[in-house]
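**Student:** For reference, the structure I am asking about is given below.
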Amino acid sequence: EDKVVQSPLSLVVHEGDTVTLNCSYEVTNFRSLLWYKQEKKAPTFLFMLTSSGIEKKSGRLSSILDKKELFSILNITATQTGDSAVYLCAPRRYSGAGSYQLTFGKGTKLSVIP
Amino acid sequence: SAVISQKPSRDICQRGTSLTIQCQVDSQVTMMFWYRQQPGQSLTLIATANQGSEATYESGFVIDKFPISRPNLTFSTLTVSNMSPEDSSIYLCSVVGTGELDEQYFGPGTRLTVT
């Protein structure tokens, strides 16, 4: 059975701090890994990682994938209160017949204090 | 990225009734999915909505309880049938553009409360 473990489950930091969120996975027919930010209802897409060792960056957020060790990290530098959210890791696997599926971790709840 | 809309955004329903949620995308997409997020939980895939054929359901979800339609490449509906309080969740439509290399996006969600 596919497994996705995110750590820590929750994190409280002060504005300006740097945080690292972890995601380890065991997924059959792995193809890529996606990160999302969820504030209210809908997860917002952040990154999709397909290759090991290639960092993806968007502003203060960056992410990298290690397909050998089966993990990914999401870094947020100079955190702001607007970064407060649940961050979800979702490996994508090939499920057959041309279809792909995501398996979601429980998420890391980040709270940024002014 | 695809723009996805869902209707209704929220509803309060009585047990035993059914609710149909609509998902509309502004462009043709290959894959459409329906997810459920129960309170305090992460997202769980209900089914893959297949255009012109029956949906593919995940373990624990059945067509009689969650009938799904997908008449074309931009629209799908999910019905939650014979509702009970355990069905109170956020229901999310999600799409992938053209395949494996495409990002996956989520609709704004429907918050359902069953009393």
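Heads up: the sequence lines are chains A and B, in that order. Letter by letter, the first sequence follows residues -1 to 112 in this note's numbering. Letter by letter, the second sequence follows residues 9 to 123 in this note's numbering. Positions of the beta carbon are idealized from the N, C-alpha and C atoms, including for glycine.
In whole angstroms, give me the CA-to-CA distance for threonine 18(A) and isoleucine 62(A).
**Tutor:** 11 Å
**Student:** Return the first residue and the last residue of the beta strand (DSSP E) that glutamine 45(B) is part of.
**Tutor:** 39 to 45
**Student:** Going by CA-CA distance only, name the one from Glu111(B), Leu109(B), Asp95(B) that's closest to leucine 27(B).
**Tutor:** Looking from the CA of leucine 27(B), the closest CA among Glu111(B), Leu109(B), Asp95(B) belongs to Asp95(B).
**Student:** Between serine 49(A) and chain B, is there a C-beta pair that is closer than 8 Å?
**Tutor:** no
**Student:** In or out: leucine 86(A) buried (at least 16 other Cβ within 10 Å) or exposed?
**Tutor:** By the Cβ neighbour-count rule, leucine 86(A) is buried, with 16 or more other Cβ atoms within 10 Å of its own.
**Student:** Using a 10 Å radius around the Cβ and a threshold of 16 neighbouring Cβ atoms, would you call alanine 95(A) buried or exposed?
**Tutor:** exposed
**Student:** Please report how far the alpha carbon of serine 50(B) lies from the alpha carbon of threonine 77(A), in whole angstroms.
**Tutor:** 24 Å
**Student:** Go ahead and label arginine 18(B) buried or exposed: buried means 16 or more other beta carbons lie within 10 angstroms of its beta carbon, across all protein chains shown.
**Tutor:** exposed
**Student:** Per the DSSP calculation, glutamine 14(B) is bridged to which residue(s)?
**Tutor:** Cys31(B)
**Student:** If you reduce the DSSP assignment to three classes, tell me which class threonine 79(A) lands in.
**Tutor:** Threonine 79(A) falls in the helix class under three-state DSSP.
**Student:** Residues in its own chain within less than 6 Å of valine 84(A) by CB, not counting five upstream and five downstream?
**Tutor:** Gln36, Gly105, Lys107
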